[in-house]
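Visitor:
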Amino acid sequence: MTTLGVNIDHIANVRQARKTVEPDPVQFAFLAELGGADSITVHLREDRRHIQDRDVFLLKETIKTKLNLEMAATEEMLGIARKLRPQYVTLVPEKREEVTTEGGLDLKSNLKYLKNFVENLKDSNIEVSAFIDPICEQIGYAKEIGFDFIELHTGKYAELSGHDQYKELQKIIESTYTANDLGLVVNAGHGLNYNNVKEIASINNMNELNIGHSIVARALAVGLERSVREMKSLINLT
Ligand code: PXP
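Here's what the structure looks like:
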């Protein structure tokens with residue numbers, strides 16, 4: 155069965171827009187779990203634009219499922235991960251100017267550094283995943299480096315349509331099979347939504363899908379009417 159990892163970065167985005175205390179991603183992780191989330195994913199970015207250090211440590215203490223910490227392969231993040239000890243770390247490329255993670259990791263050019271980095275995480279009993287594009291060459295390197303999981307980048311699939319989207323889907327399917335043959339567990343994510351998720355979820359042996367933006371967007375759509383109604387009734391009481 156394919157499981158669902160809910161990425162709650164966008165809850166923190168709304169909080170950071172005002173640099174206040176609400177909405178609190180810790181509270182929303184609890185709600186995501188109530189809804190059936192199998193794991194909670196957060197990306198602690200170098201610039202701390204959404205998730206903060208306090209969030210990851212509180213989440214680790216309070217969630218009932220598993221914490222997947224997305225992070226760049228930097229010494230600062232290694233220190234935090236070793237202190238935090240989340241169940242999983244997903245290594246992602248990070249650029250300060252990007253709006254969201256734009257592409258997969260380039261494993262080839264960082265082979266030696268990443269081998270050492272992954273080993274350090276595994277020494278702390280953390281399972282490690284690599285966010286990569288669905289390219290067979292990258293999967294071979296993921297195995298060589300010692301990753302337990304890979305997360306296939308579905309961003310391109312999500313952006314395309316028609317035959318081009320079909321071709322990208324075939325790449326994701328082939329990559330999943332290649333990785334499985336090498337003994338790697340396969341997750342996928344980025345840009346998945348209520349319209350395009352089924353094809354990815356039905357790939358054989360797809361372990362977990364990490365989804366954030368579309369779930370948070372949907373939460374606003376299904377929750378806004380009630381939140382306005384509640385405010386209106388408070389105003390009418392005065
Ligand atoms: N997986 C990774 C590695 C990501 O960086 C992100 C975005 O933070 C996601 C999954 C979730 O993407 P989306 O918010 O588009 O669902």
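In terms of the working numbering, the sequence shown opens at residue 155 and continues consecutively. A virtual CB, placed ideally from N, CA and C, is assigned to each residue, including glycine.
With 16 as the cutoff for other CB atoms within 10 Å, does Asn390 come out buried or exposed?
Guide: Residue burial annotation: Asn390 is exposed, with fewer than 16 other C-beta atoms found within 10 angstroms of its C-beta.
Visitor: Is Asn349 close to ligand 1? I mean its beta-carbon at under 7 Å from any heavy atom of the ligand.
Guide: no
Visitor: On a CA-only basis, which of His164, Asn274 and Arg172 is nearest Val180? Give me that one, please.
Guide: His164
Visitor: Return yes when the C-beta of Val243 is under 7 Å from any heavy atom of ligand 1, and no when it is not.
Guide: no
Visitor: Taking Ala284 as the reference, which of Ile304, Cys290 and Tyr295 has the closest Cα?
Guide: Ile304
Visitor: Could you check if Gln292 is buried or exposed, using at least 16 other CB atoms within 10 Å of its CB as the buried criterion?
Guide: Buried, since its Cβ has 16 or more Cβ neighbours within 10 Å.
Visitor: Nearer than 7 Å: is that true of the beta carbon of Glu224 relative to any heavy atom of ligand 1?
Guide: Glu224 Cβ: within cutoff of ligand 1.
Visitor: Just checking my contact of Leu213 with Ala183 at CB under 8 Å: how many whole Å lie between their CB atoms?
Guide: 6 Å
Visitor: Across which residues does DSSP place Leu158 in a beta bridge pair?
Guide: Leu363
Visitor: May I ask which residues mark the beginning and end of the beta strand (DSSP E) holding Thr244?
Guide: That run of the beta strand (DSSP E) goes Tyr242 to Leu245.
Visitor: Restricting to runs no shorter than 4 residues, where is the alpha helix (DSSP H) found entirely within the region 155-207?
Guide: 163-172 and 179-188
Visitor: Would His344 pass as a contact of Gly309 if the rule is Cβ separation under 8 Å?
Guide: Against a cut-off of 8 Å, the Cβ pair of Gly309 and His344 comes out as a contact.
Visitor: For Arg337, which residues in the same chain have their Cβ closer than 8 Å to its Cβ, ignoring the five residues on either side in sequence?
Guide: It should be pointed out that residue 337 corresponds to Gly in this sequence rather than to Arg. Excluding residues within five positions, the ones whose Cβ falls inside 8 Å are Lys297.
Visitor: Measuring only the C-alpha atoms, how far is Ser263 from Gly233?
Guide: If you take the alpha carbons of Ser263 and Gly233, they lie about 23 Å apart.
Visitor: Is it true that the region 321-334 meets the region 355-366, where meeting means three or more beta-carbon pairs spaced less than 8 Å apart?
Guide: yes
Visitor: Under the three-state reduction of DSSP, which class applies to His317: helix, strand or coil?
Guide: helix
Visitor: Ser356 bridges to which residues according to DSSP?
Guide: DSSP output for Ser356 lists no bridge partner at all.
Visitor: Please list the segments of the alpha helix (DSSP H) lying wholly inside the region 283-317, counting only runs of 4 or more residues, in order along the chain.
Guide: 290-299 and 309-313
Visitor: Under 7 Å: does the beta carbon of Val246 sit that close to some heavy atom of ligand 1?
Guide: yes
Visitor: Evaluate contact between the region 312-320 and the region 264-282, counting only Cβ atoms and requiring at least three cross-stretch pairs below 8 Å.
Guide: no
Visitor: Output the distance between the C-alpha atoms of Thr219 and Gly366, rounded to the nearest integer angstrom.
Guide: 16 Å
Visitor: Taking 7 Å as the cut-off, is the C-beta of Asp163 nearer than that to any heavy atom in ligand 1?
Guide: Flag set: Cβ of Asp163 near ligand 1.
Visitor: Against chain C, with Cβ distances strictly below 8 Å, would Asp192 count as a contact?
Guide: Here chain C cannot be found, since the structure has a single protein chain.
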